[in-house]
Amino acid sequence: MTNSTQLTVNIRLNTLINRIASEFTIDTLHKSPARFDLKKLLWFNEQYISLLSFEEFVERTSQFWEVLKLDISNPYHKMSLILDKNRINQLDQVGIESAVIWNYSPCSSEELRWKKSTQEESIQALRELAGTILTDSFWLLNDANKPLDSVYNTRLIYWEETIKKYLVDNNQDYGAYLWPLRLALSGKAKSASSFEILAILPKEEVAARLNQFLRQ
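Numbered according to our numbering, the sequence shown spans residues 201 to 416.
This is the structure we're talking about:
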């Protein structure tokens, strides 16, 4: 999120909070208790979480690490919390999105098939993308001393631009290639995008997840 976008979000949220506060009275509360809106409350929670810095979010979810068996000293585990921060609307939902990083379970090869594509075509699409991804020199970038959320954003932008450019240059259908890639990387039909997952996982883990399908 850019600084200007973040400022706009903050202004809108502050305006809404002030409007609700100005309209609130005890009389209204007593007369219409049914006006409680869970959806609006969850929306406020979501906005609150989005306004936290990454380190604040990590700290506020620390009570759940032990239950999730999350090794926060592992930079990839810690960075995976960005997936939760970007999607959840309650702190106790932490782990729902990030589990694709630290609790991976592969899908079946049949699930990689995209709509009208055959399974063989989807495997071939995955093979082509794997060749591009695993030989990319971007893996050599040394970003060890940068904040994890900054590293994530840099990698996310790079992988999305690189992979989409490859598909456009080769006149390939996005879905036919990105579906098997995301399924192979996440193991789930519903998950963060393949770009987000690539922004977190180390090359060795990416190779292991992709190659298990390419060896079949």
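Just so it is clear, CB atoms sit at the ideal spot from N, CA and C, and this is done for glycine as well.
Where residue i falls, given that 16 or more other Cβ within 10 Å makes a residue buried
i      : result
Val368 : exposed
Asp292 : exposed
Ala408 : exposed
Trp359 : buried
Glu396 : buried
Leu410 : buried
Ser337 : exposed
Ile357 : exposed
Nearest residue (CA-CA) to residue i, options the options
i      : options                        : result
Ala344 : Leu270, Asn274, Lys269         : Asn274
Trp379 : Leu238, Lys316, Trp302         : Lys316
Glu259 : Glu246, Ile282, Leu238         : Ile282
Lys285 : Trp302, Phe257, Asn353         : Phe257
Val267 : Lys240, Leu383, Lys239, Ala299 : Ala299
Glu297 : Gln412, Glu255, Leu270, Gln319 : Leu270
Arg415 : Lys365, Gln247, Glu255, Leu326 : Leu326
Met279 : Tyr366, Asn353, Lys364         : Asn353
Leu242 : Arg287, Thr261, Lys346, Leu398 : Arg287
Range covered by the alpha helix (DSSP H) that runs through residue i
i      : result
Gln319 : 319–334
Asn245 : 238–251
Arg260 : 254–260
Leu381 : 374–386
Lys365 : 348–369
Gln412 : 403–414
Lys285 : 275–285
Ala299 : 299–302
Ile288 : No alpha helix (DSSP H) holds Ile288; DSSP gives it neither H nor E.
Cα-Cα separation between residue i and residue j, rounded to whole angstroms
i      : j      : result
Ser305 : Trp265 : 20 Å
Ser253 : Val294 : 15 Å
Ile335 : Gln263 : Checking the sequence shown, residue 335 turns out to be Thr, not Ile. Each residue's Cα considered, the two are about 39 Å apart.
Ser322 : Tyr374 : 12 Å
Trp339 : Ile301 : 18 Å
Asn289 : Ala392 : 16 Å
Val351 : Asp237 : 38 Å
Cys307 : Ile249 : 31 Å
His277 : Gln372 : 33 Å
Thr332 : Leu251 : 36 Å
Three or more C-beta pairs under 8 Å: does that hold for the stretch 380–390 against the stretch 307–327? They touch, by the three-pair rule.
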